[in-house]
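Be aware that the first sequence starts at 7, since it is given in our numbering, and climbs by one per residue.
Note that CB positions come from ideal geometry on N, CA and C, so glycine has one too.
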Amino acid sequence: MRLVMMGTGPFAVPTFRKLYETDHTVVALVTGPLKDHRPGVAVGPMRDLAHEHLTPIFDPEDINSPESQVSLAAMEADLLVVCDYGQILSAAVLGTARLGGINLHASLLPKYRGAAPINWAIYHGETETGVSVIHMTPAVDAGPIIAQASTPIRPDETAVELEARLAEIGAWLMVRAIDTLQEGHVEAIPQDPAQASKAPRLKKSDGLIDWNRPAAAIRNHVRAMEPWPKTFTFWHRESGPPVRLILGPVSALPRTPKGVGPGTVVEAARDRLVVAAGEGAVLIQGVQPAGKRLLSTREFLNGHRVRPGDRFGPEQAPAMPLSIASR
RNA sequence: CGCGGGGUGGAGCAGUCCGGUAGCUCGCGAGGCUCAUAACCUCGAGGUCCUAGGUUCAAAUCCUAGCCCCGCAA
7 MRLVMMGTGP
17 FAVPTFRKLY
27 ETDHTVVALV
37 TGPLKDHRPG
47 VAVGPMRDLA
57 HEHLTPIFDP
67 EDINSPESQV
77 SLAAMEADLL
87 VVCDYGQILS
97 AAVLGTARLG
107 GINLHASLLP
117 KYRGAAPINW
127 AIYHGETETG
137 VSVIHMTPAV
147 DAGPIIAQAS
157 TPIRPDETAV
167 ELEARLAEIG
177 AWLMVRAIDT
187 LQEGHVEAIP
197 QDPAQASKAP
207 RLKKSDGLID
217 WNRPAAAIRN
227 HVRAMEPWPK
237 TFTFWHRESG
247 PPVRLILGPV
257 SALPRTPKGV
267 GPGTVVEAAR
277 DRLVVAAGEG
287 AVLIQGVQPA
297 GKRLLSTREF
307 LNGHRVRPGD
317 RFGPEQAPAM
327 PLSIASR
């Protein structure tokens, strides 16, 4: 079949690579426009792969514009293979290929529809997720499911690690789906809207830690927000403005410190930095101060006088120890 | 010219505004204490304060130019 690959981000790379190992023809790569044209800026693995195989690149600002549709139609594709592309395709665009488009989505649809399914799955403490290949419809991530595969989420797996695994599984699933499509007999299963949930694109503010949540939830938060926006909090000192800290790896400690409110530093010595959470406590194993690289807790504490009793929390509202009173 | 932070013994930082003896927490070395220790005590080594020029009696600190590193830009 004549395939048009549509993808931009790293999640699409394994799928794109695998297409070249099939008997199908990759007619073109459709990808996001280059943002920074300065020399020396990497153009990205998707473009590199296309160059390597002498595949033409099409990178319109707006894929749904009439001009873009004309260009797509001229490719006379059988199928649009879409993965981590970044733009929503109109019905007209989907119609430019004989069989329409299929999309690889990194969740067990209908759960976690949207741009950041991996991150939100980890954030919510899911122990299993997967990939789905759907037939594309104008409603985002809502088309009938052609193929699906699940995988467990390891307890300490970060979003980056999970994404890499799912991309590989997804590439394999995509190729299988394409082959079944070619054979013509596809039993696509409609999604149950009642089971649907949302996984919206991440915002920087999604990285702000809420120390009132249980320690285990904070740990999930930290591993979910990789590689962006990361999780951060503010260290409120006796003197000077609050310092923004990006958290490195953290562990959840089961014991809830007595007599202090969530966000209070309960230990700050050597290589141990422990902060009270709403339930349990969080052991911070690495810290990145604003404008600095990631420091081990030991390095950080050598240079910064964090003391037990200091508060971690949002930038505003020091939220003086609300409850010296014990629980 | 995208925005911002920074360059001070091996690590992380303070000192810079307001020029005047190189400081803190560690690490390293020697010794001591201890049944013992990542604990504690004593002593010690180790620094062109990024570079070049300028101002000055005197520059880590002020002025000018440059180099390099990092974070955020989704």
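Checklist entry - Is Val87 near Pro51, with beta carbons less than 7 Å apart? => result Residue mapping note: residue 87 aligns to position 81 of the first sequence, counting from 1. Residue mapping note: residue 51 aligns to position 45 of the first sequence, counting from 1. Taking 7 Å as the Cβ cut-off, Val87 and Pro51 do not qualify as a contacting pair.
Next on the checklist: For His43 and Asp65, what's the separation of their Cα atoms in angstroms?
Outcome noted: Within the first sequence, residue 43 is the residue found at index 37, counting from 1. Within the first sequence, residue 65 is the residue found at index 59, counting from 1. A caution first: His43 carries a pLDDT of 44, below 50, which makes its placement in the model unreliable, though a value can still be read off. The alpha-carbon atoms of His43 and Asp65 are separated by roughly 14 Å.
Checklist entry - For Thr157, which of helix, strand or coil comes out of DSSP? => result One-based indexing of the first sequence puts residue 157 at position 151. The three-state reading of DSSP puts Thr157 in strand, counting E and B together.
Checklist entry - By Cβ distance below 6 Å, which residues in the same chain neighbour Arg304 in space, the five residues on each side in sequence not counted? => result If you number the first sequence from 1, residue 304 lands on position 298. Cβ within range, chain order: Asp277.
Checklist entry - Where does His111 fall in DSSP's three states? => result The residue you call residue 111 lines up with position 105 of the first sequence. When secondary structure is reduced to three states using DSSP, His111 falls in the strand class.
Next on the checklist: Please report the straight-line C-alpha distance between Val192 and Ala221, rounded to a whole angstrom.
Outcome noted: By one-based count along the first sequence, residue 192 stands at place 186. By one-based count along the first sequence, residue 221 stands at place 215. Each residue's Cα considered, the two are about 45 Å apart.
Checklist entry - Among residues of its own chain, excluding the 5 on either side of Phe17, which ones have a beta-carbon nearer than 7 Å to its beta-carbon? => result Translated into the one-based positions of the first sequence, residue 17 becomes position 11. Around Phe17: Cys89, Asp90, Ala112, Glu169, Ala173.
Item to check | Best match in Leu55, Asp216, Arg8 for proximity to Gly15 [C-alpha to C-alpha] | outcome: Residue numbering aside, residue 15 sits at position 9 when the first sequence is read from its first letter. Taking only the C-alpha atoms, the option nearest Gly15 is Leu55.
Next on the checklist: My output table needs one value for Met81: the three-state DSSP class, helix, strand or coil.
Outcome noted: Walking along the first sequence from the start, residue 81 turns up at place 75. The DSSP-derived three-state label of Met81 is coil.
Checklist entry - Mind pulling the beta strand (DSSP E) runs of 3 or more residues that sit fully within the region 221-275? => result Within the region 221-275, the complete beta strand (DSSP E) segments at least 3 residues long are 238-242, 249-253, 256-259, 271-275, listed from N- to C-terminus.
Next on the checklist: Just to confirm my understanding: we take Arg219, look at its own chain, exclude 5 residues before and 5 after, and list those with CB closer than 6 Å. What are they?
Outcome noted: As a working note, residue 219 is residue 213 in the first sequence. Counting only Cβ-Cβ distances below 6 Å, and skipping sequence neighbours, we find Gly284.
Checklist entry - With respect to the alpha helix (DSSP H) encompassing Val181, which residues constitute its N-terminal and C-terminal limits? => result By one-based count along the first sequence, residue 181 stands at place 175. In the DSSP annotation of this structure, the continuous segment of the alpha helix (DSSP H) that includes Val181 starts and ends at 165-189.
Checklist entry - In terms of alpha-carbon separation, which member of Glu134, Ile152, Ser156, Val256 lies closest to Arg182? => result Taking the first sequence and counting its residues from 1, the one referred to as residue 182 is at position 176. Put simply, of Glu134, Ile152, Ser156, Val256 the residue whose alpha carbon is nearest the alpha carbon of Arg182 is Ile152.
Checklist entry - Does the Cβ-Cβ distance between Leu208 and Gly254 come in under 7 Å? => result Position 202 of the first sequence, counted from the first residue, corresponds to residue 208. Position 248 of the first sequence, counted from the first residue, corresponds to residue 254. The criterion of a C-beta distance shorter than 7 Å is not satisfied by Leu208 and Gly254.
Checklist entry - Hey, would you say Arg229 sits closer than 7 Å to Thr164, going by beta carbons? => result The sequence position of residue 229 within the first sequence is 223, counting from 1. The sequence position of residue 164 within the first sequence is 158, counting from 1. Against a cut-off of 7 Å, the Cβ pair of Thr164 and Arg229 comes out as a contact.
Next on the checklist: Can you give me the C-alpha to C-alpha distance between Ala127 and Leu85, rounded to a whole angstrom?
Outcome noted: As a working mapping, residue 127 is identified with position 121 in the first sequence. As a working mapping, residue 85 is identified with position 79 in the first sequence. Counting only the Cα atoms, Leu85 lies some 30 Å from Ala127.
Checklist entry - Between the Cα of Pro158 and the Cα atoms of Val137, Glu73, Glu67, which residue gives the shortest distance? => result Within the first sequence, the letter at position 152 stands for residue 158. It is Val137 whose Cα lies nearest to the Cα of Pro158.
Item to check | Lys204 (DSSP reduced to helix, strand or coil) | outcome: The residue you call residue 204 lines up with position 198 of the first sequence. DSSP places Lys204 in strand when its eight states are reduced to three.
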